[in-house]
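Below is one structure, written out as structure tokens; the observations come after it.
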Amino acid sequence: MDKIQIRGGRKLFGEVNISGAKNAALPLIASSILVNGKVCISNVPDLMDITSIKALLKDLGAGCEHHQDRLEIDGSSIHKIEAEYDLVRKMRASILVLGPLVARFGHAKVSLPGGCAIGARPVNMHLTGLEALGATISIEHGYIEAKAEQLKGAEICFDMPTVTGTENLMMAATLAKGTTVLRNAAREPEIVALAHALNRMGATVTGAGTAIITIQGVPALYGTDIHIIPDRIETGTFMVAAAATRGDVRIKGCKPDDIRATINKLRAAGAAIHTTDDTIHVKGSAPIKSVDIKTMPYPGFPTDMQAQFMALMTVASGSSMIHESIFENRFIHANELLRMGADISITNGNIAHVRGVKKLQGAPVMASDLRASASLVIAGLVAEGETTIARVYHMDRGYEAIEKKFSLLGADIKRIK
Ligand code: EPU
């Protein structure tokens with residue numbers, strides 16, 4: 009298995025280009041199931057999660073042609089409505105095929121996603137939402153089965169905002185008869201991007217980006233071209249890495265408006281940040297100031313940036329409190345940071361108290377999930393000596409060519425086989 013080896017202590021300097029957003033690409037690819045024709049998606053990042061969802065769509069019978077960053081999916085040849093365990097277990101976001109399959113084919117069977125390192129992550133709100141749209145749901149032998157001759161519009165109020173839940177129901181409702189209203193919907197930029205794409209396919213979705221989304225069902229959707237938005241979490245990861253190494257980095261091809269909460273917290277930590285419509289210039293400063301964060305649904309501070317921000321706070325000048333309010337077990341990276349000399353204690357399972365230390369020390373560590381791996385890379389970049397990160401496959405799920413991008417910024421980082 010590959011490992012990442014880093015010799016820390018270098019400041020990051022230069023420019024980096026941001027890739028297409030993983031969490032926008034996955035629902036867009038799933039939405040092509042709704043179409044009896046071809047959907048062309050550009051700016052598709054080269055990631056393991058994209059490979060996984062492509063394998064799933066191919067298994068359903070869809071045509072998938074991938075050239076460089078362009079993916080063409082032909083949903084007209086889909087002949088199977090079952091997403092098998094071996095494909096779904098590799099990526100929880102596979103649940104995104106459930107809504108589109110039942111909406112277009114009246115029947116879907118999707119393996120129930122299993123355990124996850126960062127929390128229980130149930131899919132109950134996806135299922136009650138589909139039931140409200142008129143589907144009959146059963147769970148047997150580890151599979152969710154949904155049946156409905158014709159979905160019917162309904163009023164659905166989520167107990168809490170769920171990103172993929174909102175996406176699943178938004179997609180399903182496009183082909184339902186009548187009007188669906190989703191209340192307490194997630195407001196992430198990826199939801200807005202999906203609504204925009206669905207409208208280009210002929211759907212009528214309004215209100216995406218607010219807590220109330222209205223979908224007027226239509227009889228069919230059509231093929232179209234879609235460009236994927238820049239990855240806001242990759243953007244934030246480079247911002248934090250630049251600040252942590254006291255570097256000077258220009259991040260290009262990004263959307264600063266999608267990552268304002270992180271920009272604000274980095275400014276509070278002392279970084280100088282200048283933005284244009286599509287660039288962010290980060291200049292780190294010494295000392296880094298301690299800042300408290302609490303993860304919240306968008307537009308709050310993203311849970312997907314919590315681990316990276318914790319790495320920054322380990323070398324800040326005082327004490328900070330990091331409150332994880334979205335997932336119940338998203339602090340596994342803290343134990344690895346401790347191995348590098350960080351001073352962190354956790355109370356109630358979801359509040360981390362981080363007391364800044366002068367230096368981290370390089371050490372062998374292990375990634376436990378995608379964003380934890382990014383946190384360890386940032387820690388490795390600032391640490392004295394050598395850090396080796398095992399289980400890099402977590403990183404490969406969601407960061408395109410990350411070690412190459414960091415190398416170009418002057419980091420001493422390499423992949424070892
Ligand atoms: N939840 C339920 N029931 C449900 C759905 C969600 O209780 O039916 C709970 C979850 O357990 C969690 C909260 O609601 O406590 C919010 O979870 P959400 O459903 O929003 O998460 P998700 O849709 O499974 C997406 C991203 C995650 C990101 C979260 C939160 C994709 C493919 N995944 O997951 O991304 O952390 O939203 O913003 O969009 C990542 O990229 O590393 C990643 C984990």
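For the sequence shown, the working numbering assigns the number 9 to the initial residue and increments by one for each residue that follows.
From the three backbone atoms N, C-alpha and C, an ideal C-beta is built for every residue, glycine too.
From a predicted model like this one, the values you see are computed outputs, not experimental measurements.
Helix, strand or coil for histidine 402 per DSSP?
helix
Three-state secondary structure (DSSP) at isoleucine 81?
strand
Taking only heavy atoms of the ligand EPU into account, decide whether any of them is closer than 8 Å to the Cβ of methionine 403.
no
In or out: tyrosine 407 buried (at least 16 other Cβ within 10 Å) or exposed?
buried
Closest to leucine 67 by CA distance: which of Val118, Leu55, Arg78 and Gly107 is it?
A small fix is needed here, since residue 67 is aspartate in this sequence, not leucine. Comparing Cα-Cα distances from aspartate 67 to each of Val118, Leu55, Arg78 and Gly107, the minimum goes to Val118.
Please list the terminal residues of the continuous alpha helix (DSSP H) segment that includes asparagine 192.
Careful: asparagine 192 lies outside any alpha helix (DSSP H) and carries neither H nor E.
So which of Arg405, Met329, Thr214 and Gly308 has the shortest CA-CA distance to isoleucine 354?
Met329
Please state the DSSP three-state secondary structure of methionine 133.
helix
Going by C-alpha distance, which of Ile288, Met133 and His331 is nearest valine 257?
Residue Ile288 is the option with its Cα nearest to valine 257.
Which term fits tyrosine 306, buried or exposed, when burial requires 16 or more other beta carbons within 10 angstroms of its beta carbon?
buried
Taking Cβ positions, are lysine 19 and arginine 275 nearer each other than 9 Å?
no
One question on the structure: do alanine 252 and leucine 345 come within less than 9 Å of each other, judged by their Cβ atoms?
no
For isoleucine 199, I'd like the list of residues in its chain whose CB is within less than 6 Å of its CB, leaving aside the five on either flank, ordered along the chain.
Thr174 and Ala216
Taking just the CA atoms, how far does alanine 294 sit from isoleucine 103?
44 Å
Any heavy atom of the ligand EPU inside 8 Å of the beta-carbon of histidine 134?
Histidine 134 has its CB nearer than 8 Å to a heavy atom of the ligand EPU.
Taking the alpha-carbon positions, what's the lysine 273 to arginine 112 distance?
43 Å
Between the stretch 70–81 and the stretch 33–53, do at least 3 Cβ pairs fall closer than 8 Å?
yes
Under 8 Å: does the beta carbon of methionine 178 sit that close to some heavy atom of the ligand EPU?
no
If distances are taken between C-alpha atoms only, which option among Lys291, Ile359 and Ala375 comes closest to phenylalanine 426?
No answer is possible for residue 426: it lies beyond the span of the chain, which begins at 9 and ends at 425.
Where does isoleucine 241 sit, in a helix, a strand or coil, going by DSSP?
helix
Is the stretch 395–409 touching the stretch 263–271 in the sense that three or more CB pairs, one from each, lie closer than 8 Å?
no
Using the C-alpha atoms, what's the distance from isoleucine 221 back to lysine 160?
16 Å
Verify whether the separation of the beta carbon atoms of phenylalanine 309 and isoleucine 126 is less than 9 Å.
No, they are not a contact pair.
Mind checking who cysteine 48 pairs with in its DSSP beta bridge?
Within the DSSP secondary-structure output, cysteine 48 pairs in a beta bridge with Glu80 and Asp233.
With distances taken Cα to Cα, identify the nearest neighbour of aspartate 351 among Ala375, Gly326 and Thr270.
Gly326
Measuring CA to CA, which of Leu141, Thr303, Met56 and Arg100 is closest to alanine 128?
Arg100
Do valine 323 and valine 373 count as a contact pair if the criterion is CB distance below 9 Å?
No, they are not a contact pair.
Where does lysine 413 land, buried or exposed, given buried means 16+ other C-beta within 10 angstroms?
buried
Please tell me whether glutamine 316 and glutamate 332 are closer than 9 Å, where the distance is taken between their beta carbons.
For the pair glutamine 316 and glutamate 332, the CB atoms are not nearer than the 9 Å cut-off.
From what residue to what residue does the beta strand (DSSP E) around aspartate 256 run?
256–260
Using a 10 Å radius around the Cβ and a threshold of 16 neighbouring Cβ atoms, would you call lysine 30 buried or exposed?
buried
How many angstroms separate the CA atom of proline 108 from the CA atom of aspartate 285?
34 Å
Within its chain, find whatever has a CB closer than 7 Å to the CB of alanine 279; leave out the 5 residues flanking it on each side and keep chain order.
Ala251, Val290, Lys291, Gly292 and Ser293
Relative to the ligand EPU, is the shortest distance from any of its heavy atoms to the C-beta of asparagine 31 smaller than 8 Å?
yes
Using the C-alpha atoms, what's the distance from serine 84 back to cysteine 48?
14 Å
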